[in-house]
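Beneath this line is the structure, given in structure tokens, with notes to follow.
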Amino acid sequence: MLAMPALCWLCRMPLRIARHGICSLCLRGLPPLPLLCPRCGLPAGSVKVACGRCQLKPPAWQALVCVNDYCPPFSQWVNQLKFSHITALRVMLARLLLLSWLNVYRRGSVPRPDLLLPVPLHRRRRWQRGFNQTVLLATPLAHWLRCEWREGLSRKRRGALQHQLSARQRRTNLRGAFRLEMAVQDRHIALLDDVITTGSTVDEISRLLLAEGAASVQVWCLCRTL
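Listed below in structure tokens is the structure:
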């Protein structure tokens with residue numbers, strides 16, 4: 469694991485608080501988000517009322533929180549974390565995710581989670597990568613929120629890579645792919661992922677959690693493709 473640098477990840481100027489990873493000036497200069505539906509996280513006319521898509525066919529989860537679109541510099545940071553093993557990014561990215569959730573939480577539209585669950589990788593893919601990037605995010609988030617986090621989900625079969633499939637193929641590829649390995653009854657759960665495209669993975673897991681008695685499921689991700 470690399471140590472957190474004392475320079476801003478963007479402008480490379482010294483940081484007053486090293487663990488923030490990004491200076492306040494660069495933080496204010498990040499690309500703004502459009503209005504997003506509070507349920508699916510896609511562009512909409514209001515951040516308080518579910519969009520027409522969700523009113524007709526809502527996803528299994530109750531709310532989605534994202535840091536930004538899958539665009540620079542966020543896409544670069546995610547790829548550096550996942551594929552270049554620059555794990556020092558984890559605290560800065562987790563903090564950006566926390567700030568995004570706080571903006572939603574202050575509107576009173578989501579409950580405070582008491583359990584964080586990282587989306588699992590298949591054991592072979594985790595072995596190849598050396599870590600699960602969502603687990604790296606869960607540790608600081610649980611510390612700041614003073615809640616529990618667990619690797620309570622496992623992936624039973626590897627399946628094809630999701631980004632190589634169509635939306636319909638993704639749903640088929642994920643049926644029965646996950647196993648819940650802990651009790652979740654009456655828990656308010658935040659499901660952590662790095663990038664959400666169609667939402668097929670988190671939708672399948674959300675259905676599993678709700679079927680097992682979870683009180684609510686909200687999805688937290690670094691990037692939501694818009």
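Basically my numbering = 1-based index in the sequence shown + 468.
We put the beta carbon where it would ideally sit given N, CA and C, even for glycine.
These figures come from a predicted structure and were not determined experimentally.
Residue burial classification, residue i (beta-carbon count within 10 angstroms, cutoff 16)
| i | result |
| --- | --- |
| ASP654 | exposed |
| LEU564 | buried |
| GLN686 | buried |
| ALA679 | exposed |
| SER552 | exposed |
| ALA562 | buried |
| ALA610 | buried |
| ILE485 | exposed |
| PRO502 | exposed |
| LEU566 | buried |
For residue i, three-class secondary structure by DSSP
| i | result |
| --- | --- |
| GLY509 | coil |
| TRP529 | coil |
| ASN536 | strand |
| PRO482 | strand |
| TRP688 | strand |
| CYS694 | Reading off the sequence, residue 694 comes out as Leu, not Cys. Coil at LEU694, not helix or strand. |
| TRP477 | coil |
| LEU503 | coil |
| SER514 | coil |
| LEU609 | helix |
Spatially closest choice to residue i from the options, by CA coordinates
| i | options | result |
| --- | --- | --- |
| ARG597 | LYS550, ARG614 and ILE673 | LYS550 |
| ARG643 | THR669, PRO588, ALA658 and GLY620 | THR669 |
| PRO499 | PRO541, LEU690, ARG484 and PRO482 | PRO541 |
| LEU589 | TRP569, ARG647 and THR666 | ARG647 |
| ASP537 | ALA645, PRO506, VAL663 and LEU493 | VAL663 |
| ARG594 | GLU619, PRO579 and ARG614 | GLU619 |
| LEU613 | ALA683, LEU570, ARG592 and THR666 | LEU570 |
| LEU510 | LEU621, GLU649, THR666 and CYS615 | THR666 |
| SER622 | SER514, ILE554, ARG591 and VAL652 | ARG591 |
| ILE554 | LEU676, TRP617 and ASN600 | ASN600 |
Neighbour flag for residue i against chain D, beta carbons, 8 Å
| i | result |
| --- | --- |
| LEU570 | Looking for chain D here will not work: only one protein chain is present. |
Residue i CB to nearest heavy atom of the ligand SAH below 7 Å
| i | result |
| --- | --- |
| CYS508 | This structure simply doesn't include the ligand SAH, nor any ligand for that matter. |
So, does the region 558 to 576 touch the region 594 to 606, judging by three or more C-beta pairs under 8 Å? Touching, per the Cβ criterion.
Below 8 Å, can you find three or more Cβ-Cβ pairs linking the region 489 to 497 to the region 517 to 533? Because the criterion of three Cβ pairs below 8 Å is not met, the region 489 to 497 and the region 517 to 533 do not touch.
Going along the chain, which unbroken runs of the beta strand (DSSP E) with 3 or more residues stay wholly within the region 638 to 680? At a cut-off of 3 residues, the continuous stretches assigned as beta strand (DSSP E) that sit fully inside the region 638 to 680 are 646 to 648 and 656 to 664.
Three or more beta-carbon pairs under 8 Å between the region 571 to 591 and the region 654 to 666, yes or no? Contact holds: three or more Cβ-Cβ distances are below 8 Å.
Scan the region 565 to 606 and note each continuous beta strand (DSSP E) run of 3 residues or more that stays entirely inside, going in chain order. You should have 583 to 586.
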